[in-house]
Amino acid sequence: MEIEKAKWFNNADSPVVLMIDDLANLGADIGRDNKSNICNDWGYWRDLPNSSFAFLQEKLFVKFPKIKTTFFTIIGQPINYLAERRRVRCGPINENDSTINFFRKLHQSPNFEIAYHGLNHGLIRDGKYFNEWRSFNSAFEALGNIAVGQKICQQVFGESLIGGKYPAYASNGYSDESIDKSGFIWWCRHWTYGEFLAKKKDYSVLEMKTFGKNYVVDFPSTVSPHLISLKHIFRRIIERLRSVNLPVIENSLAERSCFSAKRWKFMTDGFFRNQRQQLTRHLEELLRRKEVISIQEHMGAIRADGLRQTPNIIDDMENLQYIFSFLANKNVWNATCSEIANYYLSFNQTEIISADEKGFVIRYAGRIKEPLLTLLVKTDKFIQAISPSGKSYKSIKCPLEDSWGLINIGVENGRYQLKLIN
Ligand SMILES: [Zn+2]
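FYI, our numbering numbers position 333 of the sequence shown as 338, with every residue one higher than the one before it.
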């Protein structure tokens with residue numbers, strides 16, 4: 006019997022994950038009224054009304070319940086770089102029972118997971134801000150820091166986290182070694198979508214790879230939902246004016262100047278439509294190439310320096326809804342980063358040594374115990390596979406139009422028996 010490995014689980018064209026950076030026990034109190042404001046809430050207000058998480062629930066997760074999200078979380082006391090400008094509340098994720106329960110509940114939910122985004126995100130040294138992995142002077146120092154963070158994870162989640170991201174994708178010569186040696190399965194090292202654009206849309210930049218002696222999955226970020234619109238352009242102008250302390254223009258510039266507003270709107274609306282078309286073509290190309298669709302976002306709309314950051318879930322919500330509507334009827338696998346990385350390793354580290362009518366032999370050289378793998382089996386019947394340790398798996402789909410059935414198995418070393426069910 007002919008047997009092949011499927012590139013992705015359930016023979017999907019692409020896996021899809023929403024990646025949201027900087028979910029943390031942190032929030033700025035803009036109005037100084039002790040009330041949440043979604044633009045400035047990075048997770049401090051948990052899932053309470055008017056929190057950024059409640060915003061996500063209402064605008065996205067309720068409408069698209071299949072979405073899977075990986076949140077990149079600052080585990081310890083976040084660096085308080087907003088302190089000079091605003092009143093900021095922040096603490097580690099184990100600060101109190103409510104915080105612990107919020108983060109634990111998220112991580113244990115099948116649709117979400119928490120990933121490691123540093124102990125503090127960074128530090129101030131000699132008046133200058135350094136992102137966390139740029140601040141270490143040896144891999145040993147970085148490893149010690151990760152151990153402190155993982156100890157908190159053990160307390161909150163009952164386990165260490167298996168993946169994460171360099172804050173601001175910033176690293177130095179010691180960073181990758183620290184990730185490789187600390188047991189992480191996957192890691193986001195680069196802002197690959199930015200590199201992809203810089204290299205004139207070279208799709209090879211967006212391919213999943215591994216690094217280090219332990220084959221850590223180098224997880225790419227392949228989609229940015231941030232599109233430039235008239236609203237964003239004016240908001241940017243106003244923010245820039247504010248930041249250099251020029252007189253603040255509170256009302257939209259568009260409302261003040263009829264002539265230029267109409268003209269601007271015409272120009273930027275066309276520009277926006279064009280960007281949407283480009284985004285659609287990009288998604289279609291990722292599906293055609295069977296690459297990961299990893300959609301990059303930020304929890305908070307306000308950046309460390311007080312300016313608006315891109316991308317962010319507030320400004321990009323319409324585009325996020327558009328992306329997930331587009332993907333709703335495509336052959337995709339909604340999965341967290343950990344599920345995708347596990348499958349990638351399973352696919353790459355498993356070899357089908359031989360196959361006949363009665364079974365097949367698998368050789369697996371990975372470090373994850375019994376990872377999942379989808380097999381394509383050339384048959385017009387439903388089949389059952391019995392693993393070397395006696396576990397039973399049945400076809401999930403049979404036959405496909407071209408007589409390839411699908412079966413999902415847990416990977417073990419050795420011979421699987423095959424039986425026809427009908
Ligand atoms: Zn960050």
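Think of the CB as a built atom: it goes at the ideal place given N, C-alpha and C, for glycine as much as any other residue.
Just so it is clear, the structure is predicted and the values come from calculations on it, not from any experiment.
- I129 and I84 do touch by the CB rule: their CB atoms are close to 7 Å apart, below 8 Å.
- Counting along the chain, no beta strand (DSSP E) covers A175, and no H or E run does either.
- The Cβ neighbour count for A340, taken over all protein chains shown within 10 Å, is at least 16; the residue is labelled buried.
- I300 and K363 have their C-alpha atoms roughly 42 Å apart.
- Residue environment: V67 is assigned as exposed (fewer than 16 neighbouring CB atoms within 10 Å of its CB, all protein chains considered).
- Counting only residues whose CB is nearer than 7 Å to a non-hydrogen atom of ligand 1, the list in chain order is D26, D27, F77, H122, H126, P172 and A173.
- The alpha-carbon of H112 is positioned some 15 Å away from that of D26.
- The three-state secondary structure of V416, taken from DSSP, is coil.
- Where Q389 is concerned, the enclosing beta strand (DSSP E) starts and stops at I388 to I391.
- Going by DSSP, K214 is part of the beta strand (DSSP E) stretching over K214 to F216.
- Our two residues, H195 and S226, have alpha carbons roughly 8 Å apart in a direct line.
- Distance from L124 to N142 at the Cβ level is roughly 16 Å; contact not present, criterion being Cβ atoms closer than 8 Å.
- The DSSP-derived three-state label of H303 is strand.
- DSSP places T197 in the uninterrupted alpha helix (DSSP H) bounded by T197 to A203.
- A direct Cα-to-Cα measurement between I190 and K218 gives close to 12 Å.
- With contact defined as three or more Cβ pairs closer than 8 Å, the segment 374-383 and the segment 346-363 are in contact.
- For R109, the enclosing alpha helix (DSSP H) starts and ends at D102 to Q113.
- Ranked by how close their Cα comes to the Cα of T104, the residues F277, W409, Q82 and R92 have Q82 in first place.
- Sequence-distant partners of L28 (beyond 5 residues in either direction) whose C-beta falls short of 6 Å from its own C-beta, in its chain, are G48, F76, T78 and M304.
- Cβ atoms of L325 and P230 come within 8 Å of each other, at about 5 Å.
- In the three-state reduction of the DSSP assignment, L53 falls in the coil class, being assigned neither a helical nor a strand state.
- Sorting Y369, Q160 and L166 by C-alpha distance to the C-alpha of A120 places L166 at the top.
- At least 8 Å separates the beta-carbon of S19 from that of L284.
- Within a 10 Å sphere around the beta-carbon of I298 sit 16 or more other beta-carbons, which makes this residue buried.
- Measuring C-alpha to C-alpha distances from F135 to each of N353, N177, K214 and Q159 identifies N177 as the nearest.
- Beta-bridge partners of D46 (DSSP): G32.
- Counting the other CB atoms within 10 Å of its CB gives E137 a total of 16 or more, which places it among the buried residues.
- As computed with DSSP, T384 is found in no beta bridge at all.
- The three-state secondary structure of I184, taken from DSSP, is helix.
- The beta carbons of I426 and I412 sit no closer together than 8 Å.
- Under DSSP, the beta-bridge partners assigned to I367 are I357 and G419.
- Taking 8 Å as the cut-off, the beta carbon of D181 is found closer than this to the beta carbon of F216.
- Closest in alpha carbon position to N418, among I357, T384 and S408, is I357.
- Residue pairing by DSSP places D223 opposite W192 and K214 in a beta bridge.
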